[in-house]
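For the sequence shown, our numbering begins at 844 and goes up steadily by one. Glycine residues also receive a C-beta, built at the ideal position from the N, C-alpha and C atoms. All figures in this text were calculated on a predicted structure; none of them were measured in a lab. Since the structure comes first, as structure tokens, the remarks are kept for the end.
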Amino acid sequence: MIDTLPEIIKTKKRSMDKTISELLSDIKKYILNNGFSYDGSLIENFYLSLKSKPFVILAGTSGTGKTRLVKLFAEAISAEYKLIPVRPDWSDSSDLLGYSDLNGNFHAGEMLKFVGEAIDHPNVPYILCLDEMNLARVEYYLSDILSVIETRDKKDGHIESIPLLSGKRTDSDTGIEYENTAFPENLYIVGTVNMDETTFPFSKKVLDRANTIEFNYVDLLPDFYDQDASAEELCLPNDFLKTEYLILQTDCRDEMEFIVSVSQELQELNEILRKANAHVGYRVRDEICFYMLNNKKAGLLSRDEAFDNEIMQKILPRLQGSSLSIKAVLCDLFKEIAGDFDGYGSSTGNVAKEMEDKVKTGTVRYPRSAEKIAFMVRRFEEDGFTSYWL
844 MIDTLPEIIK TKKRSMDKTI SELLSDIKKY ILNNGFSYDG SLIENFYLSL KSKPFVILAG
904 TSGTGKTRLV KLFAEAISAE YKLIPVRPDW SDSSDLLGYS DLNGNFHAGE MLKFVGEAID
964 HPNVPYILCL DEMNLARVEY YLSDILSVIE TRDKKDGHIE SIPLLSGKRT DSDTGIEYEN
1024 TAFPENLYIV GTVNMDETTF PFSKKVLDRA NTIEFNYVDL LPDFYDQDAS AEELCLPNDF
1084 LKTEYLILQT DCRDEMEFIV SVSQELQELN EILRKANAHV GYRVRDEICF YMLNNKKAGL
1144 LSRDEAFDNE IMQKILPRLQ GSSLSIKAVL CDLFKEIAGD FDGYGSSTGN VAKEMEDKVK
1204 TGTVRYPRSA EKIAFMVRRF EEDGFTSYWL
């Protein structure tokens, strides 16, 4: 493959001589210097999500800075970045990985070319942004790639997978050869989505395989920040984002007590979800545990704040519908999340108002999830249907 990495990146010394918290503080300064400010601990959450699984979805209102976040984050750590706009007519992975024409000539897709560069430079993070990824059905064009990600395993200190494309392929346009090209350990896929009438909803197969971070905070008042001269680009190695955990039972033995405590709480939530046949499986359990472990090791968020994020990102997006069982599950989840809430009676009445009043007291253990559940219940009471998405 052709060495296409910019010379400035190849010659930079990549180091991590600061703590993760200090590095993320520098990243936030860089993003702020470029005119963007994100609410609360969003940058920490984004980092933990990437660290836990190399597939993250940023969802929310159009124009809230989802695509810009991916680009600025990549710039801040000197990662290679590529934006691929998704087209509505995509129906399989050939648009990303490549195809053979009627004459048998192979034409590499934009993602395959990016993968080839990533393989040639394993110490450099490569961040691929699929912009407006749900303009086409994600499970159609990305399913093969998501399945390959699930095959990742550790071998001699490296993460390997089965090939994205098996056999030997030569791009007829560039002459670059691709042979049994696997998913590299330094590649991270971030999809941005707008949930409106022009887009497709996500299947559970997609939701199970990603942390879905919602953008719903918008402050329209302009703020002119003072430039911070110390906020320069970092030059971080792939270890900054590379996951340490792939298999719960083998990679996390040193943290068994912590894993059991997280899993027990998740089990309680899962018993509630089972009432609407929306319970999660082992994959979701493992990825929540990985997220929680990464957070514990880096010391970024409190335990409750991290688990609150995971309820929002891995549990609640699965819930939607018009049946009374959905509302009952949401009410039971709220009671579990709030800790001591018993204000609602049954599946009738103005339950959403009671939930909102409870959230305002500031005594809820997981406030973001509780607020989202109250919103979903209000939608159910007003429309007879509810969904996680705005």
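Distance CB(residue i)-CB(residue j) smaller than 7 Å
i, j, result
"Leu1143", "Glu887", "yes"
"Leu978", "Val929", "yes"
"Val1220", "Ala1195", "yes"
"Lys909", "Thr1035", "yes"
"Met1155", "Arg1211", "yes"
"Arg1235", "Ile1005", "Past the boundaries of the shown model lies residue 1235; the chain is included only from 844 to 1233, so the question cannot be answered."
"Ala1121", "Leu1162", "yes"
"Val1127", "Val1033", "no"
"Val1172", "Ala1213", "no"
"Pro1160", "Leu1050", "yes"
"Asn1037", "Ser1145", "no"
Proximity winner among the options, relative to residue i (alpha-carbon distances)
i, options, result
"Tyr881", "Leu901, Ile1005 and Lys894", "Leu901"
"Asp938", "Glu1076, Ile927 and Ser1015", "Ile927"
"Lys1157", "Tyr1088, His950, Met954 and Leu1116", "Leu1116"
"Ala1243", "Cys1132, Ala919 and Lys896", "Outside the displayed span of the chain (844 to 1233) sits residue 1243, for which this structure offers no information."
"Glu1087", "Val1105, Thr1204, Ala1119 and Lys1140", "Lys1140"
"Gly952", "Ser1145, Asp1014 and Asp1226", "Asp1014"
"Pro965", "Ala922, Gly941, Leu989 and Leu945", "Ala922"
"Ser892", "Leu1109, Asp860, Asp1129 and Glu1197", "Asp1129"
"Leu1007", "Lys1215, Asp999 and Leu989", "Leu989"
"Lys872", "Phe916, Tyr890, Thr862 and Thr907", "Phe916"
"Phe879", "Ile1019, Leu867, Asn1152 and Arg911", "Arg911"
"Glu1179", "Leu1159, Arg1208 and Ala919", "Arg1208"
"Asn1023", "Leu875, Ile874 and Leu940", "Leu940"
"Phe1223", "Val1202, Lys1201, Asp1200 and Cys1174", "Cys1174"
"Glu1098", "Asn1138, Gly1000, Met1198 and Glu975", "Asn1138"
"Ile920", "Val1105, Ser1165, Pro1080 and Glu1100", "Pro1080"
"Asp1151", "Leu867, Glu975 and Leu1176", "Leu1176"
"Tyr1031", "Leu973, Asn876, Glu1199 and Asn877", "Leu973"
For residue j and residue i, the rounded distance between their alpha carbons
i, j, result
"Glu1111", "Phe957", "42 Å"
"Trp1232", "Arg1096", "36 Å"
"Tyr1021", "Gly947", "15 Å"
"Ile851", "Leu955", "Because Ile851 carries a pLDDT of 44, less than 50, the predicted location of this residue cannot be relied on, and no value is offered for it."
"Ser943", "Asp1016", "12 Å"
"Lys894", "Asp1082", "9 Å"
"Asp869", "Cys1078", "11 Å"
"Lys1215", "Phe1058", "12 Å"
"Ser1009", "Glu960", "18 Å"
"Gly1205", "Asp1226", "28 Å"
"Leu1084", "Tyr890", "7 Å"
"Glu1153", "Thr1229", "20 Å"
"Glu918", "Pro1044", "30 Å"
"Phe1101", "Thr907", "36 Å"
"Ser1165", "Asp1147", "30 Å"
"Thr862", "His950", "43 Å"
"Lys998", "Gly1018", "30 Å"
"Gln1107", "Ser1046", "26 Å"
"Glu1197", "Ile1169", "18 Å"
"Arg980", "Asp1039", "14 Å"
"Asp1094", "Gly1000", "12 Å"
"Leu1091", "Ile962", "26 Å"
"Asn876", "Tyr924", "19 Å"
Exposure of residue i, with buried meaning 16 or more beta-carbon neighbours within 10 Å
i, result
"Leu1167", "exposed"
"Lys1011", "exposed"
"Arg1052", "buried"
"Thr1042", "buried"
"Ser1189", "Model confidence at Ser1189 stands at a pLDDT of 49, short of 50, so the residue's coordinates are unreliable; what they give is reported in the following sentence. Classification of Ser1189: exposed, given that the 10 Å Cβ count is below 16."
"Thr847", "Confidence at Thr847 is low in this model, with a pLDDT of 46, below 50, so the placement of that residue should be treated as unreliable; the coordinate-derived value is given next. By the neighbour-count rule (16 or more Cβ atoms within 10 Å), Thr847 is not buried but exposed."
"Val1103", "exposed"
"Pro931", "exposed"
"Glu1076", "exposed"
"Phe898", "buried"
"Asp860", "exposed"
"Lys1048", "exposed"
"Gly1124", "exposed"
"Gly883", "exposed"
"Lys1203", "exposed"
"Gly903", "buried"
"Glu865", "exposed"
"Leu945", "exposed"
"Glu1114", "exposed"
"Glu975", "buried"
Open item on the list: Does the structure place the stretch 981 to 998 close enough to the stretch 932 to 948 that three or more beta carbon pairs sit under 8 Å?
Closed with: yes
Open item on the list: Taking contact to mean 3 or more Cβ pairs, one atom from each stretch, closer than 8 Å, check whether the stretch 1019 to 1033 and the stretch 959 to 969 are in contact.
Closed with: yes
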